[in-house]
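Asks: My questions will all concern the structure given below.
Residue numbers (this note's numbering): 44 to 169.
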């Protein structure tokens, strides 16, 4: 068996309509699937699909994801300003790690996200 990629990431919600507004309008992601009768919608990021699901109607307890999902942008400051103008509140200042910029926020259900841009060459080991 060889894993060749990540097909989608599940993002739990308690309110599908509110989540659709957030991911589609506020973040500006393309909605590729909308199945309200099946309690989910999907949004495209360019590399990984976000599958937004009403957790309790899919058979699992709702619990927001606390580990941030990094959304790649070309310019964190510009993207942050755009999202702030759309009502998103960020947790603290934009972080410069010496290799990337990160700005942390959450969706209306409390799922953690970050805007992310790596500006230094990636170095791998092993």
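Where a beta carbon is used, it is the ideal one built from N, C-alpha and C, also for glycine.
For residue 154, count neighbouring C-beta atoms within 10 Å of its own C-beta (all shown protein chains included) and say buried if the count is 16 or more, exposed if not.
Replies: Walking along the chain shown from the start, residue 154 turns up at place 111. Around the CB of residue 154, 16 or more other CB atoms lie within 10 Å, so the residue is classed as buried.
Asks: Applying the 10 Å Cβ sphere with the 16-neighbour rule, what's the burial state of residue 55?
Replies: Taking the first residue of the chain shown as position 1, residue 55 is located at position 12. Result: buried.
Asks: Please report how far the alpha carbon of residue 147 lies from the alpha carbon of residue 104, in whole angstroms.
Replies: As a working mapping, residue 147 is identified with position 104 in the chain shown. As a working mapping, residue 104 is identified with position 61 in the chain shown. Approximately 25 Å between the Cα atoms of the pair.
Asks: Less than 9 Å between the C-beta atoms of residue 156 and residue 113, yes or no?
Replies: Sequence index remark: in the chain shown, residue 156 carries index 113 (1-based). Sequence index remark: in the chain shown, residue 113 carries index 70 (1-based). Cβ distance < 9 Å, so residue 156 and residue 113 count as in contact.
Asks: Among 47, 126, 164 and 82, which residue has its Cα nearest to the Cα of residue 90?
Replies: Within the chain shown, residue 90 is the residue found at index 47, counting from 1. Comparing Cα-Cα distances from residue 90 to each of 47, 126, 164 and 82, the minimum goes to 47.
Asks: The alpha helix (DSSP H) spanning residue 61 covers which residue range?
Replies: Walking along the chain shown from the start, residue 61 turns up at place 18. That run of the alpha helix (DSSP H) goes 59–63.
Asks: What residue from 73, 101, 138 and 82 has the CA that sits closest to residue 92's CA?
Replies: Taking the chain shown and counting its residues from 1, one reaches residue 92 at position 49. Of the candidates 73, 101, 138 and 82, the one whose C-alpha sits nearest the C-alpha of residue 92 is 73.
Asks: Just to confirm the assignment, what range does the beta strand (DSSP E) spanning residue 74 have?
Replies: In the chain shown, residue 74 corresponds to position 31, counting from 1. Its beta strand (DSSP E) spans residues 73–78.
Asks: Could you please give me the residues that DSSP links to residue 29 through a beta bridge?
Replies: Nothing can be reported for residue 29, as the shown portion of the chain is limited to 44 through 169.
Asks: For residue 146, which of helix, strand or coil comes out of DSSP?
Replies: Along the chain shown, one-based indexing puts residue 146 at 103. Note: residue 146 maps to strand in three-state DSSP.
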